[in-house]
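Colleague: Questions regarding the structure given below will be posed in turn.
Residue numbers (our numbering): 1 to 1076.
Encoded structure:
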């Protein structure tokens, strides 16, 4: 039962089986899709929006951690500043209105306290008797208020609203705006500014774009589809898929409770464009197949099955690569980018589900027509001419094209070096927006609205109760006031001078810091009672060992923030006391530090995506070359895009940093479709030129259409009021167009210049087609199973006469013979020398399709025989790692492999049994009797001689080779020994018998002869050998020794014993002779 269910599951995942199953149950599939759509649609009204400048922050940065520590010490709060302009703020009527605004603002829920001129007047003029001139004189005498609360020309002032930590900032902003509207007919001109305002503006622009741009994109895509297909039904198919994808995706997003943020508004436009593009590839294929089916009487159902059988794999791979490109953004540490990646990946997964289930059913309702209407139109002819021009460019102008592209890449590469990282929240808005105008207006009259904080800390408690240490703060402020972008600095020292000024009846001479520490301690107590705890805690830590200097700046650029931070830290290190630790922090600093991690995050995403693309291409084509080639055309548009950004001065921001990962994910889709089609055409006859032409004419049109469709979707983003989104959309259009050049020009040229014939192709051709039928080891394996084994190795070439391995060698692999012939040779183990020229026995002759070396591999034992190539041959090595990997990845294939192996071994055991019964007594190298054969003949002749009373002699002929011949080849020595055997056969009498009994030792049985006849025999043999020496010199230098001994034909006439006895006699004679 389990196997049956598994089999059904495997069949369902087969494109043809799955499509047929879906088409048999079309009403049920459509009903299920409709119910799911209604379910997800019910969650969409609960979608929320939440966008803030805090989205630009990386939470786990050291800068972020230090900023959080700073806020915990100094009670840092969010501020909204109401800027008030009039002819004179000290005019009685205007001042009354300002006082009324302060009072009304203080009553707004979420406002903790209000700081303004009216409140200050109440604090210092307790009797209420001061005239406006007296109050103006007081303010003018306090440097703290200058360009902070009131401008020098008395025409601009502001009210600062300090918000509660849990305040609803949007509600406060709306209440302030209503207050401004209610005062519309007043002589005062009002606006509000601050970080909460920038966050709200970001949210508003995000919401506007989310509600406005996707519908426009959808309408434009609809027009494009109608133009391309000239058919309403063909246009409705991708549009319905896109609608369902959007409903499902944002229903899931709502269910997850994740609010839409600054970047997620790109997701619907992205899904509309990309989803439509995927459908275009499938519909283009269906249109062609449906036309062919209609001509042969086929139906739409048949055409749909064939279409999805062909397109499912490349489409799934395209979706997978896009998913992986988006998923690579998860390594980025900015939360807004990770949220975009999450929503986009979710949308792609939804589309994949719809493509596998809903789209086949929907396509099956499109009638199969004989004539494709667009084929005979002028636009189709124009497209054919364009594709023909591309083919000609790829086939006939490769060098010129590559040279031009190389120059373009070189220019773009230098532009990449000019690319700058930038995060500028104010720069996100167009110049005519109110938030930008107000940002620039306030520092023209007062001071900027972007704060920077400097933290001074000492390890010593009560450090700042020392008057000299407080004076250091004032000294540092003089330096800070001179820095570019800094409009005003505020510190504990400024408020001490104000308290001293007030405490001494507003005498200008006392607007200074106390010189004695005891005076300072008294003044600090007055500070607390006069200004209150909040202002004290904003600038001084609880232990008087930490102080805060607030810089009011009109800096919004991340580069300027970081440059200011570096300048300050360098100055305090050189000019300030060494017993203090310093930090420059603030939200702007944290955002700036976060933005510069874009490069790191982008690099990680980019490298990860490239690696994944290589792995996918390698897995698809089982070729590292294809994997590397696929990277180049996908890298090309990225280099061009970032190079163009560098030359145009477009910064790398949070939005533009998405381009690389998204573009690679999309561009590789067309790369996959091209390579799959090219691979299919190339396999027909391995003609790459024909395959290129057919591929471009077949796949070029949908690639161009999908690129234009995606570009159309992204071009809508250029009309966003949010500048990063507009730039992102514009650059994405350019990137997709350059990706088109990469896929239709650069990729085909590279394929032409790199040999893509795989090992599988070579084996298949050499074996004459189906590999499984040609190699017994692969018998019963499917093409895919045989492919998985073959592609794990490489072909090994062996020349004629070359020894593949020797007997006794270490076993590392076995071999399948792809072409050629081999001899399997063994040597007589009784040979006295341990070399490979001894007594030979050819065990087997093997040829194409057979295997060898399997015993040594399986047993892990040394080789049991020597294998020599008898002609130029090619082998496929299969080592133990390949087998182990096969067991792990493909257990059923491994089982078949081992069953085949067992069958081969059984066949060989059977052949060996037959061979043992027919064992030869001949040395195959020399053609003479071997020792065993000679011993048998010797027994017979000895018995005959004893019976007839004849005498026998045995001559022992020994060859010695000069020491300088050790390096000669085995083949040459074998030829010499073979020639010696032939010479001996020709030089002896018919009644004599000669044999090779050891490596360099021959024995000759001589019938009853005289000594003179024996010498004649020796002379004849010596002449033969001398002739050989002349033929083989200087290749081999050798000598022959001829010794004779009579045979004793008495006792046990065992041939082997007779040989040993005779050899012993000869050795004894030689030893005796040497001693004498």
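From the three backbone atoms N, C-alpha and C, an ideal C-beta is built for every residue, glycine too.
Which class does residue 1043 belong to by DSSP, given the choice of helix, strand or coil?
Modeller: Reading the chain shown from its first residue, position 1043 is the one you call residue 1043. DSSP places residue 1043 in strand when its eight states are reduced to three.
Colleague: Could you say which of 180, 410, 650 lies nearest to residue 102 if we only look at CA atoms?
Modeller: Here residue 102 refers to the residue found at position 102 of the chain shown. Nearest option by C-alpha distance: 180.
Colleague: To the nearest angstrom, how far is it from the Cα of residue 895 to the Cα of residue 779?
Modeller: If you number the chain shown from 1, residue 895 lands on position 895. If you number the chain shown from 1, residue 779 lands on position 779. Roughly 12 Å between the two C-alpha positions.
Colleague: Quick test of your reading: residue 1042 and residue 955, contact by CB under 8 Å. State the CB separation rounded to the nearest angstrom.
Modeller: On the chain shown, position 1042 is the one that residue 1042 refers to. On the chain shown, position 955 is the one that residue 955 refers to. With 8 Å as the limit, residue 1042 and residue 955 qualify as a contact, their Cβ atoms being about 6 Å apart.
Colleague: What span of residues does the alpha helix (DSSP H) with residue 293 cover, start to end?
Modeller: Counting from 1 along the chain shown, the entry for residue 293 is found at position 293. Element bounds for residue 293: 266 to 295.
Colleague: What I want to know is whether the C-beta of residue 940 ends up closer than 7 Å to one or more non-hydrogen atoms of the ligand ADP.
Modeller: Absence of the ligand ADP from the depicted structure is noted, as is the absence of any ligand whatsoever, leaving it without description.
Colleague: How should residue 673 be labelled, buried or exposed, when 16 other C-beta atoms within 10 angstroms of its C-beta is the threshold for buried?
Modeller: In the chain shown, counting from the first residue as 1, residue 673 sits at position 673. Buried: at least 16 other Cβ atoms inside 10 Å.
Colleague: Does the beta-carbon of residue 845 have 16 or more other beta-carbons within 10 angstroms, so that it is buried, or is it exposed?
Modeller: Position 845 of the chain shown, counted from the start, is the residue given in the question as residue 845. With fewer than 16 neighbouring CB atoms inside 10 Å of its own CB, residue 845 falls in the exposed class.
Colleague: Between the segment 212 to 220 and the segment 264 to 282, are three or more C-beta pairs nearer than 8 Å?
Modeller: Output reads yes: the segment 264 to 282 touches the segment 212 to 220.
Colleague: My guess is that residue 550 and residue 489 are in contact by the Cβ rule of under 8 Å, so how many angstroms apart are they, rounded?
Modeller: Within the chain shown, numbered from 1, the residue matching residue 550 stands at position 550. Within the chain shown, numbered from 1, the residue matching residue 489 stands at position 489. Yes, residue 550 and residue 489 are in contact; Cβ-Cβ is about 7 Å, under 8 Å.
Colleague: Do you know how far the Cα of residue 1005 is from the Cα of residue 1055?
Modeller: For the purposes of this step, residue 1055 is taken as residue 1055 along the chain shown, with counting starting at 1. For the purposes of this step, residue 1005 is taken as residue 1005 along the chain shown, with counting starting at 1. For residue 1055 and residue 1005, the distance between alpha carbons rounds to 12 Å.
Colleague: Ignore the nearest five residues each way along the sequence and tell me which others in residue 281's own chain have a CB closer than 7 Å to its CB.
Modeller: Locating residue 281 in the chain shown gives position 281, where the first residue counts as 1. Counting only Cβ-Cβ distances below 7 Å, and skipping sequence neighbours, we find 311, 315, 673, 702, 706.
Colleague: Determine the DSSP secondary structure at residue 431, reduced to helix, strand or coil.
Modeller: Indexing the chain shown from 1 puts residue 431 at position 431. If DSSP states are grouped into helix, strand and coil, residue 431 belongs with coil.
Colleague: Only counting the same chain, and skipping five residues up and downstream in sequence, which positions put a Cβ closer than 7 Å to that of residue 710?
Modeller: For this step, residue 710 is matched to residue 710 along the chain shown. Closer than 7 Å at the Cβ level, and outside the excluded window around residue 710, lie 273, 274, 277, 666, 736.
Colleague: Can you tell which of 430, 518, 748, 555 has its C-alpha closest to the C-alpha of residue 397?
Modeller: Numbered from its first residue, the chain shown carries residue 397 at position 397. Cα-wise, what sits closest to residue 397 is 748.
Colleague: In chain order, what residues of the same chain lie with their CB nearer than 8 Å to the CB of residue 713, ignoring the 5 residues before and after it?
Modeller: On the chain shown, position 713 is the one that residue 713 refers to. Closer than 8 Å at Cβ, skipping near neighbours: 217, 220, 221, 269, 270, 272, 273, 274, 276.
Colleague: Going by DSSP, which residues form a beta bridge with residue 1081?
Modeller: No statement about residue 1081 is possible, as the shown extent of the chain runs from 1 to 1076 and does not include it.
Colleague: CA-CA distance, residue 287 and residue 355?
Modeller: As a working note, residue 287 is residue 287 in the chain shown. As a working note, residue 355 is residue 355 in the chain shown. Cα to Cα, the separation comes out at about 17 Å.
Colleague: Would you kindly work out how many angstroms separate the C-alpha atoms of residue 716 and residue 207, rounded to a whole number?
Modeller: By 1-based counting over the chain shown, the position of residue 716 is 716. By 1-based counting over the chain shown, the position of residue 207 is 207. Each residue's Cα considered, the two are about 16 Å apart.
Colleague: Taking only the alpha-carbon atoms, compute the straight-line gap between residue 630 and residue 863 and give it to the nearest angstrom.
Modeller: Residue numbering aside, residue 630 sits at position 630 when the chain shown is read from its first letter. Residue numbering aside, residue 863 sits at position 863 when the chain shown is read from its first letter. Residue 630 and residue 863: Cα-Cα distance of roughly 43 Å.
Colleague: Short of 8 Å in beta carbon distance, which residues of its chain neighbour residue 628, apart from the five on each side in sequence? Order them along the chain.
Modeller: Here residue 628 refers to the residue found at position 628 of the chain shown. So the qualifying residues of the chain are 614.
Colleague: Is it the case that the Cβ atoms of residue 264 and residue 340 are separated by a distance below 8 Å?
Modeller: Along the chain shown, read from residue 1 onward, the residue named residue 264 stands at position 264. Along the chain shown, read from residue 1 onward, the residue named residue 340 stands at position 340. Yes, Cβ-Cβ distance for residue 264 and residue 340 is below 8 Å.
Colleague: Note down, in chain order, each residue of its chain lying with its Cβ closer than 6 Å to the Cβ of residue 612, except the 5 sequence neighbours on either side.
Modeller: By one-based count along the chain shown, residue 612 stands at place 612. The answer, listed in chain order, is 324.
Colleague: Work out the CA separation of residue 164 and residue 112 for me, nearest whole Å.
Modeller: By 1-based counting over the chain shown, the position of residue 112 is 112. By 1-based counting over the chain shown, the position of residue 164 is 164. Distance between the alpha carbons of residue 112 and residue 164 is about 5 Å.
Colleague: Would you identify the three-state DSSP class for residue 418, choosing helix, strand or coil?
Modeller: Within the chain shown, the letter at position 418 stands for residue 418. Coil at residue 418, not helix or strand.
Colleague: With a threshold of 7 Å on Cβ separation, who are the neighbours of residue 252 within its own chain once the five nearest residues in sequence on each side are excluded?
Modeller: Sequence index remark: in the chain shown, residue 252 carries index 252 (1-based). Same-chain partners within the cutoff: 40, 346.
Colleague: At the level of alpha carbons, what is the spacing between residue 738 and residue 635?
Modeller: Stepping through the chain shown from its first residue, residue 738 is reached at position 738. Stepping through the chain shown from its first residue, residue 635 is reached at position 635. Roughly 10 Å between the two C-alpha positions.
Colleague: Evaluate contact between the segment 393 to 411 and the segment 512 to 532, counting only Cβ atoms and requiring at least three cross-stretch pairs below 8 Å.
Modeller: no
Colleague: Report the three-state DSSP secondary structure of residue 577 (helix, strand or coil).
Modeller: For the purposes of this step, residue 577 is taken as the residue at position 577 of the chain shown. In the structure shown, residue 577 sits in coil (DSSP, three-state: anything other than H, G, I, E or B).
Colleague: Let me know the beta strand (DSSP E) ranges lying completely inside the segment 949 to 1005, each 3 residues or longer, listed in chain order.
Modeller: For the beta strand (DSSP E) assignment, the uninterrupted runs of no fewer than 3 residues enclosed by the segment 949 to 1005 are, from N- to C-terminal side, 953 to 961, 993 to 998.
Colleague: Could you pull out every residue in the same chain whose Cβ sits closer than 7 Å to the Cβ of residue 677, ignoring the five residues on either side in sequence?
Modeller: Taking the first residue of the chain shown as position 1, residue 677 is located at position 677. Correct list, in chain order: 695, 698, 699.
Colleague: Measure the beta-carbon distance from residue 318 to residue 669 and round it to whole angstroms, keeping in mind my assumption that it falls under 8 Å.
Modeller: As a position in the chain shown, residue 318 is number 318, starting the count at 1. As a position in the chain shown, residue 669 is number 669, starting the count at 1. Right, the Cβ-Cβ distance comes to about 4 Å (below 8 Å), so this counts as a contact.
Colleague: Return the CA-CA distance between residue 469 and residue 487, expressed in angstroms with no decimal places.
Modeller: Numbered from 1 along the chain shown, position 469 holds the residue referred to as residue 469. Numbered from 1 along the chain shown, position 487 holds the residue referred to as residue 487. Whole-angstrom Cα-Cα distance: 24 Å.
Colleague: In chain order, what residues of the same chain lie with their CB nearer than 6 Å to the CB of residue 903, ignoring the 5 residues before and after it?
Modeller: Reading the chain shown from its first residue, position 903 is the one you call residue 903. Cβ neighbours of residue 903 beyond the five flanking positions: none.
Colleague: Would residue 478 be called buried (16 or more neighbouring beta carbons within 10 Å of its own) or exposed?
Modeller: One-based indexing of the chain shown puts residue 478 at position 478. Looking at its Cβ environment, which holds fewer than 16 other Cβ atoms inside 10 Å, residue 478 is exposed.
Colleague: If we ignore side chains and look at the alpha-carbon of each, how far apart do residue 610 and residue 351 end up?
Modeller: To locate residue 610, count along the chain shown from 1; it is residue 610. To locate residue 351, count along the chain shown from 1; it is residue 351. Straight-line measurement puts the Cα of residue 351 at about 23 Å from the Cα of residue 610.
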